[in-house]
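A short write-up of the structure that comes next.
Numbering (the numbering used here), first residue to last: 7 to 265.
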């Protein structure tokens, strides 16, 4: 028997894309899922679009918090708490899944007794040439500490009490990285399907377009905090980490002086 997969989508002013996102879930070859869309108090037509889908398919469920969370972590956590599945999958409201994504992930996570299965992604968007990064099939903790190799929209994992996103506003844009590293530190078994099974939409509002310097500093903050929390010392890794921070500081100074 196939287990229920709870698909959680945080939504905020995504009327232009959320329909295509929902369609990509409806087209999955793996059919035993529930789709929880958490509308973070959108001011556009997102709620109407979601409700129209929910009226046609009982697997689609609409949720709305009393007030805006101010980031995707809160809506995702609300979806986790409302979910009924033994497995969780996350999807952003402007991304699209390939139709065999859940089927391939479920087969791998169950046959190899894994905790987390991610996939590669393909970046796409108006005026952008589509491309995919090169990712390892078996990412290591040290590699993850140097760079986040897991896209949230690609993840399928077993539902456990560890799976909650950090809602600290200082971690907006890296709250997912914080969770993946926490799971690595706790010994979760993780693999990546190196085929791109997610289309990651790049728009002017995408976090990938936000202040790169601040995002890198946030990522380094996450790494340093977890390294201390879990008392993990790898001197080679730490030298690389502090060299990166030093170089970023130099880059920032050059940008300021150059203005």
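The beta-carbon is built from N, C-alpha and C at its ideal position, and this holds for glycine as well.
Taking all protein chains in view, the Cβ of residue 83 is crowded by 16 or more other Cβ atoms within 10 Å, so the residue is classified as buried. Cβ atoms of residue 113 and residue 125 stay farther apart than 8 Å, at about 12 Å. Using a Cβ distance threshold of 9 Å, residue 172 and residue 22 do not count as a contacting pair.
Residue 154 counts as buried, since at least 16 other C-beta atoms from the protein chains shown sit within 10 angstroms of its C-beta.
For residue 25, the uninterrupted alpha helix (DSSP H) run begins and ends at 24 to 32, by DSSP. With a cut-off of 8 Å on Cβ pairs, the region 162 to 180 is not in contact with the region 143 to 151, counting fewer than three such pairs.
According to DSSP, residue pairing for residue 68 in a beta bridge involves 43. Taking all protein chains shown into account, residue 95 has 16 or more neighbouring C-beta atoms within 10 Å of its C-beta and is therefore buried. Put simply, the backbone Cα of residue 42 is about 16 Å away from that of residue 108. Here residue 95 is bridged, per DSSP, to 13 and 162.
For the pair of segments examined, the region 32 to 51 was found to touch the region 66 to 81: the number of CB pairs separated by less than 8 Å reaches three. Residue 176 has no beta-bridge partner at all, per DSSP. Around the beta carbon of residue 159, a 10 Å sphere encloses 16 or more other beta carbons of the protein chains shown; the residue is thus reported as buried.
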